[in-house]
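Residue numbers (the UniProt record's numbering), protein chains in the order written: chain U, 1 to 342; chain S, 1 to 342. The C-beta atom is built at its ideal place from N, Cα and C for all residues, glycine as well. Structure first, commentary second.
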DNA sequence: CTGAAAGCGCTTACAG
DNA sequence: CTGAAAGCGCTTACAG
């Protein structure tokens, strides 16, 4: 007189691992192991399980997997902005590496605000992500602690730090800015301005490199520094160009902290008929799309963001799979691209 | 002689709903209901539960919730490309609406390939997303079926369709192109070219609007259509500009299907010293960043993509919460922005 | 309005 | 190498 078990579930009509196991005539956990390949299973059983899975169009339920294993197939990626092509390219590279490896990317936009970063971290860490990718190395202590306490493998993007247990892939922003400034000096410029927006940590590291190179040449002048906290854009670049030319008419070169600003500066020069580079040389940073098409084409620093994204994803993959990482602080360098504007 | 239950779990050290319930001295499911506010719970109990949750820094486990409810807090968003500012802005608007509402965004990039879209759909649907946002209305039958069968609420972006059970927020690409072409005709242009890259469905709808307007004016000439399947870019715009000027020297206006192409065209004109709009008028589409700064500034169609993203997210929120949607096919229109180039 | 129990679909020790 | 059982942390009928 056994009652048939009452069906109270909210079955979804999708086939489950139990269905696969039944069809393949093995236990669920043999099916689980066969499909994941984590432990040795008899070859014939593996074949039977795989055939059954295929026949039933079995797709594992990520939520169940995450709950049982305390680890999801998500990788959370935190970037400052979506409106800056640099970060989007980084994201694109990361996605192309992680998606085929079976991970889903959760993208969080911090808008350069520490509190937003903390909130996002709290929310994403609740998902028990398999890995974490964050931009830069400067963040609030709270955020730093959350990352460390979570135990989730984490790789830092765009900058490098040599610190035990910290993984990073990037370049030296300061060295790149130093090289670019040196190029201007070699061209004979002496009144070289640094024009920056946004003022995030990397922009300030570039300023350091700029200052250092100028001090070495004995021609640093803080009046030639324009540090504007507004978000960067071509429009801002144009405005700052005009303004500086008015205020410091003896300026002979402008180092814009990012290519979008520099492109705006170049267009403003064209509009105002200021000859570049004769009257004033112009350089940018990052080598964003369009810079090579400007009139004249923009001299800039090419940052290897595609490689940074790809390599950081690879490093994270190693970390998530418990494999050793040869170079925890990977410096991918930069390239000085000399074109017509300086 | 009851044995203490053996602890076999993989406890994570985080507090669970059971911990909260214990501290608040209620049952777990009262705690669950109090926290979610789904059903009436005594006010005092609610307060006690909330206090306990706060004290324990309780964060619900999304995986457990998803497994139990057969619905996650994910919203999957499928866009063609990450390298087109248009889609990134759409994404940004969507994120800003969805994140505060407690949803996480899963972003899938299809690269305009139907197979990639199907794969992404398969993988994302396995996560039982709470909602789905897809770009455009053209897709493979298989993809269409997957969406329908999943039962997941879905909103289509950028175009509108009046079809029962289908939700969309966008604009009429064809009407916008028609208006822009009419503007060129009114300016006196007669040899108007349509220059396109990528050739996705929306680009072809614009072509329709262009052809229609020219046929009405009796001056359609298919030799003035340049349809290049390569991805759009400023560089491509410059190349196509030069090429067309050489092959069809009597052209008096160029309608580029996107602002990035048009910007490239404008820069090429500047470089080749072709007067715009005197020798040839130039217009673009979408009003991307930088178009207002060109020399001359670009005449274009402003598409309300920020509003499209926001409204589509709102509509999806309604759908996910089982609320009625007043306008399932929401046309947000466009704006003709007349600047110096035409 | 509240609670005890069952169940979601997996993985993980444990035993053999 | 394989299986039976317990458990992950929630939500959902069901009963009161």
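query, result
"Taking 7 Å as the limit between beta carbons, can you name the residues of its chain near residue 325 of chain U, skipping five residues before and five after?", "167, 315, 318 and 319"
"If we count the other Cβ atoms within 10 Å of its Cβ and call it buried at 16 or more, is residue 68 of chain U buried or exposed?", "exposed"
"With 9 Å as the threshold, decide whether the Cβ of residue 126 of chain S is near any Cβ in chain U.", "yes"
"Taking residue 59 of chain U as the query, report the chain S residues whose CB atoms sit under 9 Å from its CB, ordered along the chain.", "122, 123, 125 and 126"
"Keeping to the same chain, check which residues put their C-beta closer than 7 Å to that of residue 219 of chain U; ignore five residues upstream and five downstream.", "190"
"By how many angstroms is the C-alpha of residue 33 of chain U removed from the C-alpha of residue 56 of chain U?", "18 Å"
"By how many angstroms is the C-alpha of residue 72 of chain U removed from the C-alpha of residue 22 of chain U?", "26 Å"
"Going by other Cβ atoms of all chains shown within 10 Å of its Cβ, with 16 needed for buried, is residue 343 of chain U buried or exposed?", "An answer regarding residue 343 of chain U cannot be provided, because it is not within the stretch 1 to 342 covered by chain U."
"For residue 336 of chain S, which of S:286, S:293 and S:305 has the nearest alpha-carbon?", "S:286"
"Under the assumption that residue 299 of chain S contacts residue 338 of chain S (Cβ atoms under 8 Å), give the Cβ distance between them as a whole number of angstroms.", "5 Å"
"Using Cβ-Cβ distances below 7 Å, what residues of the stretch 85-117 of chain S are close to chain U?", "88, 91, 92, 95, 104, 105, 106, 107 and 109"
"Using the Cβ count rule (16 or more neighbours within 10 Å means buried), how would you classify residue 104 of chain U?", "buried"
"For the beta strand (DSSP E) that contains residue 338 of chain U, what are its first and last residues?", "No beta strand (DSSP E) contains residue 338 of chain U, which DSSP labels as neither H nor E."
"Closest to residue 209 of chain U by CA distance: which of U:198, U:177, U:329 and U:237 is it?", "U:177"
"Note down the Cα distance separating residue 291 of chain S from residue 263 of chain U, rounded to an integer number of angstroms.", "12 Å"
"Residue 226 of chain S and residue 193 of chain S look like a contact to me (Cβ under 8 Å); what is the Cβ gap, rounded to whole Å?", "7 Å"
"Examine the Cβ distances between the stretch 150-166 of chain U and the stretch 131-139 of chain U and report whether three or more of them are shorter than 8 Å.", "yes"
"Which same chain residues, not among the five before or five after residue 102 of chain U, have their C-beta less than 8 Å away from its C-beta?", "73"
"Taking 8 Å as the cut-off, does the stretch 121-132 of chain U touch the stretch 226-245 of chain U (at least 3 CB pairs, one atom from each stretch)?", "no"
"At least one CB of chain U closer than 9 Å to the CB of residue 173 of chain S: is that the case?", "no"
"I need the DSSP call for residue 344 of chain U, collapsed to helix, strand or coil.", "Residue 344 of chain U is absent from the structure shown; chain U starts at 1 and stops at 342."
"So if DSSP puts residue 315 of chain S in a beta bridge, which residue, or which two residues, is it bridged to?", "None; residue 315 of chain S has no bridge partner."
"Extract the residue ranges of the alpha helix (DSSP H) inside the stretch 158-226 of chain S, only unbroken runs of 4 or more that lie entirely within it.", "173-186 and 201-216"
"Does DSSP classify residue 136 of chain U as helix, strand or coil?", "coil"
"What residues match up with residue 302 of chain S in a beta bridge as DSSP calls it?", "S:286 and S:335"
"For residue 83 of chain S, decide whether its Cβ has a neighbour in chain U, counting only Cβ atoms nearer than 9 Å.", "yes"
"Go to residue 78 of chain U, then tell me how far its beta strand (DSSP E) extends in each direction, as first and last residue.", "74-79"
"The alpha helix (DSSP H) with residue 294 of chain U in it runs from where to where?", "Where residue 294 of chain U is concerned, there is no enclosing alpha helix (DSSP H), given that its DSSP letter is neither H nor E."
"Need the endpoints of the alpha helix (DSSP H) that residue 326 of chain U sits in, please.", "Careful: residue 326 of chain U lies outside any alpha helix (DSSP H) and carries neither H nor E."
"Ends of the beta strand (DSSP E) at residue 253 of chain U?", "253-256"
"Applying a beta-carbon distance threshold of less than 8 Å, which residues of chain U neighbour residue 271 of chain S?", "295"
"Taking all protein chains shown into account, do 16 or more other C-beta atoms lie within 10 angstroms of the C-beta of residue 197 of chain U, making it buried, or fewer, making it exposed?", "buried"
"Looking at chain U, is there any beta carbon in it that lies within less than 9 Å of the beta carbon of residue 131 of chain S?", "no"
"With distances taken between CB atoms, is the gap from residue 195 of chain U to residue 132 of chain U smaller than 9 Å?", "no"
"Which word fits residue 127 of chain U, buried or exposed, when buried means at least 16 other C-beta atoms lie within 10 angstroms of its C-beta?", "buried"
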